[in-house]
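Presented below is the structure to which this report refers.
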Amino acid sequence: MDKWLERFNALSVGEKIIIIAGVVLFIVGFLPWYSVDLGPLGSYTRSGWESPGAIWSILAILIGLAMAGVVALKNFATVTIPENVGGVTWPKIHFGGGLAAVVCVLIKLANESSHLGFAFYLGIIATVALAVAGYLMYREEKAV
Numbered sequence: 006m007d008k009w010l011e012r013f014n015a016l017s018v019g020e021k022i023i024i025i026a027g028v029v030l031f032i033v034g035f036l037p038w039y040s041v042d043l044g045p046l047g048s049y050t051r052s053g054w055e056s057p058g059a060i061w062s063i064l065a066i067l068i069g070l071a072m073a074g075v076v077a078l079k080n081f082a083t084v085t086i087p088e089n090v091g092g093v094t095w096p097k098i099h100f101g102g103g104l105a106a107v108v109c110v111l112i113k114l115a116n117e118s119s120h121l122g123f124a125f126y127l128g129i130i131a132t133v134a135l136a137v138a139g140y141l142m143y144r145e146e147k148a149v
C-alpha cells in the first residue's frame, strides 16, 4: 500500500486531479441528477445514466474514466504507453477531453434544466476539474 501511495504522491497535480475527478464522476453517475417530488404520489429520481439526455452524461462519464485510466496505466502499471498519439501529446489530449466532458454536461443542462439533483452539480464540478487538470498538464508541458 505504501508503494501505491508513493507513486500517487509522485504524480503531478494535474494527474492527481484527473484520477480523483474521473473516479468521482463515475460514482456521481449513479446518484440522482434529476429529482421530482410529486407529493403523495412519491418522489422520482434519474441518475446520470438515465434520461433526459443520457447520452451526454454517459459520454462525460466515459471521458472521465478514460482520462483517469490513461493516467493510472501510465503511472501505476507496467504497461508502456506512447508519449503521443498521432503526434498529439497526452496533456493536449487530456485538456481536450476535459473540455469535451464539460461541453457534454452543459448540453445535458441545456436539454433539461428543471428539477436538478445534487449529483448534477457534482458532475459539473468533476468535469470542470478534469478540464482544469488537463490545462495544468498542458501548461506544464509548454513550460518544459
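If you count the sequence shown from 1, you need to add 5 to reach the working numbering.
By construction, the Cβ of each residue, glycine as well, lies at the ideal position given by its N, Cα and C atoms.
Helix, strand or coil for residue i per DSSP?
i	result
Ser-17	coil
Trp-38	strand
Leu-78	helix
Val-90	strand
Gly-58	coil
Val-84	coil
Leu-67	helix
Met-72	helix
Leu-30	helix
My understanding is that residue i touches residue j, with C-beta atoms under 8 Å, so please give their C-beta distance in whole angstroms.
i	j	result
Tyr-143	Lys-79	No, Tyr-143 and Lys-79 are not in contact; Cβ-Cβ is about 16 Å, not under 8 Å.
Gly-30	Thr-132	Note on identity: in this sequence residue 30 is Leu, with Gly being the wrong assignment. Correct: roughly 7 Å between the Cβ atoms.
Phe-100	Arg-12	No, Phe-100 and Arg-12 are not in contact; Cβ-Cβ is about 23 Å, not under 8 Å.
Gly-128	Met-72	That pair is no contact at about 15 Å.
Using CA atoms only, rank isn't needed, just tell me which of the options is closest to residue i.
i	options	result
Trp-38	Ala-148, Ser-118, Ala-134 and Glu-146	Ser-118
Ala-136	Ala-15, Gly-19 and Val-76	Gly-19
Gly-103	Asn-116, Lys-113 and Ile-130	Ile-130
Thr-50	Glu-88, Val-107 and Ala-124	Ala-124
Trp-61	Ala-77, Ala-105 and His-99	Ala-105
Ile-86	Val-93, Val-75 and Val-28	Val-75
His-120	Val-107, Ala-138 and Ser-48	Ser-48
Ser-56	Tyr-140, Lys-113, Ala-134 and Ala-138	Lys-113
Val-107	Ile-24, Glu-145, Gly-122 and Tyr-126	Tyr-126
Would you kindly report the start and end of the unbroken beta strand (DSSP E) that includes residue i?
i	result
Ser-52	48–52
Tell me which residue opens and which closes the alpha helix (DSSP H) that residue i is part of.
i	result
Gly-102	95–116
Gly-139	123–148
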